[in-house]
Structure formats: C-alpha cells, structure tokens
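Participant: So that you can map any letter, position 83 of the sequence shown is 111 in the numbering used here, and since no number is skipped, the others follow by simple counting.
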Amino acid sequence: MKHILIIGATSAIAEACARIWAQQGHKLFLAARNETQLQAISADLRTRGATHVDHQAFDALALDQHAALLAAARAALGGLDTILIAHGTLSDQARAQEDVDYALREIATNGTSVVSLMTLAAQHLEAQGHGCLGVISSVAGDRGRQSNYVYGSAKALVSAFASGLRQRLSKRGVAVVTIKPGFVDTPMTAAIKKGALWAKPDQVARDITRAMEGAGGDLYTPRFWWLIMFIIRQVPDAIFRRLSL
Ligand SMILES: NC(=O)c1ccc[n+]([C@@H]2O[C@H](COP(=O)([O-])OP(=O)(O)OC[C@H]3O[C@@H](n4cnc5c(N)ncnc54)[C@H](OP(=O)(O)O)[C@@H]3O)[C@@H](O)[C@H]2O)c1
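#1: Examine ligand 1 and report whether any of its heavy atoms sits within less than 7 Å of the Cβ of arginine 61.
#2: From the DSSP secondary-structure annotation, give me the bridge partner or partners of lysine 208.
#3: For tyrosine 63, is the classification buried or exposed, using 16 other Cβ atoms within 10 angstroms of its Cβ as the cut-off for buried?
#4: Rank Leu91, Ile113 and His83 by C-alpha distance to the C-alpha of alanine 103 and give the top, closest one.
#5: Three or more C-beta pairs closer than 8 Å, one from the region 189 to 198 and one from the region 147 to 157: is that the case here?
#6: Evaluate arginine 251 with the Cβ neighbour count: other Cβ atoms within 10 Å of its Cβ, from every protein chain shown; 16 or more gives buried, anything less gives exposed.
#7: For histidine 31, collect the residues of the same chain with a Cβ closer than 6 Å to its Cβ; drop the 5 residues on either side in sequence, then sort them by chain order.
#8: Check this for me: beta carbons of isoleucine 35 and alanine 88, under 8 Å apart or not?
#9: Taking 7 Å as the cut-off, is the CB of aspartate 72 close to at least one heavy atom of ligand 1?
#10: Distance check for serine 165 and leucine 247, CA to CA, integer angstroms please.
#11: Decide yes or no for the touch test of the region 167 to 185 against the region 114 to 125: beta carbon pairs closer than 8 Å, at least 3 of them.
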C-alpha cells in the first residue's frame, strides 16, 4: 500500500498516473488549483479502486503553503512515501522575450516552485529513510532551444536539481525519478499540430508509475526520446545556431 501525494493532480499526465495507482488500490492525496476538477477526479479514482482519496486546492506559486501541503497529505494518508510533482505551464516564448515579469513567473511555475517542493519532500523522505520522489521535467531541459528556452531553462533547473538530490538521497534509501517526457497529447499542447513523435498520457503514465517502483534515475518517455536528445546534445554549437529548432 503506497501513500501518494500528487501535486498538479489535474494535469492529464498526473491524472493518468493516478488512475493506475487507484487501480492498484493505493491511498492518494491530490493537490491542484481547480477545486471542481479535483472533486471530479477524486470521485473517479474512488470508483477505480483507490483505498483512500483526499484533495486540497493548491497553487504552486504560493511558496508559503508548500510545507503545509506536505503535512496535510501526511496526516490525511497516515504516512507519505510517494510524491509526484507534475504541475507546469508551457511558456509563450515570444511573450517571455518581451515581458520580463512573465518570463520570471514562468520560471517560478516550472522551476523554482518545483525546487521548493523537492526540497521539502526530500527532507521528509530522508528523515523516514524510504520513499520515492518523482518530478516531471522535460526533454526541453536537455538543451536550450530558441523556440522555448524560457520553459526549457526552468526544466533544466529541475533536472539538475533532481540529479543532485538523487545522488544525495540514494545513500538514504530514497529514490528520485526525473521524468522527461517528449511530446504528449494533453491540454498543455492542445494548440500544437500532432505528428509521429507524439504519445498519449496513458502511455507516459505507465512508464512513470513503473519507474517510480525502482531505484530512481532519468526516465525518457517514450524511451526513444533518449536517443533524440542524445543526438541533439551532441550537435556542435556552430551547427546548432543555424538550425531552426
Ligand atoms: N504535454 C507535454 O508534451 C509535456 C512534455 C514534457 C513535459 N511536460 C510536463 O508534464 C507536466 C504535466 O503537464 P501535462 O502535459 O499533463 O499538461 P496539463 O494537462 O496542461 O497539466 C498542467 C497542470 O499544471 C497545473 N498548474 C499550472 N500552474 C500551476 C500552479 N501555479 N499551481 C498548481 N498547478 C498548476 C495546471 O493546473 P490548472 O488546470 O489549474 O491550470 C494543470 O493541471 C508538466 O510539468 C509539463 O511541463 C509535458
């Protein structure tokens, strides 16, 4: 029986993970901004077999609420051993180039708010000496590209932070999974034309829940994104500058 906190639980990818965990009979605590959506998802997860489902309205930008959220989840579930941080926004790169406040808000949503939650989650899991922290970063964090480097740099922060955290916590019985999805067909990407490289949330969720059973690591999902990003990282800067990625 796992005691699972999902932050950004109304995300399509997070909801697909929650359905798998509900079918496995685990206890769930959902946190997200939209109370109405939280209620509907909670009701659905109960019918799918979750032993317990609770929820709390939560805005990741309210940093002063982060510690209270973890405490509330722990109290409601009677323990906390699995934490998935999933919230995020796909930044409007053109707007971010003109509007510094917007750019910094995007970095806060996708980057620094996640760092705050990872730090608090790590403190709790390290103290109890077991558990798993999964955080959804992105392949976009592997190399800054002109088309989305504000979003990408926030995800790079998350990936590097999670890498260090994993190294630290692996000696303390705690697994850290850095989840790097490629293109996933969710509300976040509704406006983007779909093609062969696109995956569905259910497919990605199967990879995530499986990876969060293990010892931690970087999860490229679907798996072929590992090769794509390996190649993109190798492209020499002089050539990379001429590409229109
Ligand atoms: N879809 C992709 O292609 C893709 C690729 C790589 C990585 N990712 C990452 O995967 C994660 C899940 O995204 P998704 O694709 O499932 O998209 P999604 O369905 O649009 O989910 C994004 C979620 O983040 C929540 N959120 C945004 N700002 C928040 C805040 N300040 N506080 C709390 N929640 C907030 C949104 O809540 P509201 O409904 O209240 O706005 C929404 O539930 C994100 O971290 C995203 O960056 C997605």
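The beta-carbon is built from N, C-alpha and C at its ideal position, and this holds for glycine as well.
Since the structure is predicted, the reported quantities are computational estimates derived from the model, not experimental observations.
Facilitator: In short, the structure shows the following:
#1: It does: the Cβ of arginine 61 is within 7 Å (strictly closer) of some heavy atom of ligand 1.
#2: Its beta-bridge partners are Tyr248.
#3: Correcting the residue type first, residue 63 is glutamate in the shown sequence and not tyrosine. Burial call: exposed.
#4: With respect to the C-alpha of alanine 103, the residue from Leu91, Ile113 and His83 having the closest C-alpha is His83.
#5: Because the criterion of three Cβ pairs below 8 Å is met, the region 189 to 198 and the region 147 to 157 touch.
#6: Counting of Cβ neighbours within 10 angstroms places arginine 251 among the exposed residues, the total staying below 16.
#7: Closer than 6 Å at Cβ, skipping near neighbours: Lys55, Leu105, Gly107, Leu108 and Asp109.
#8: Yes, these two residues count as a Cβ contact at 8 Å.
#9: The nearest non-hydrogen atom of ligand 1 is 7 Å or more from the C-beta of aspartate 72.
#10: The alpha-carbon atoms of leucine 247 and serine 165 are separated by roughly 10 Å.
#11: Verdict: yes, contact present.
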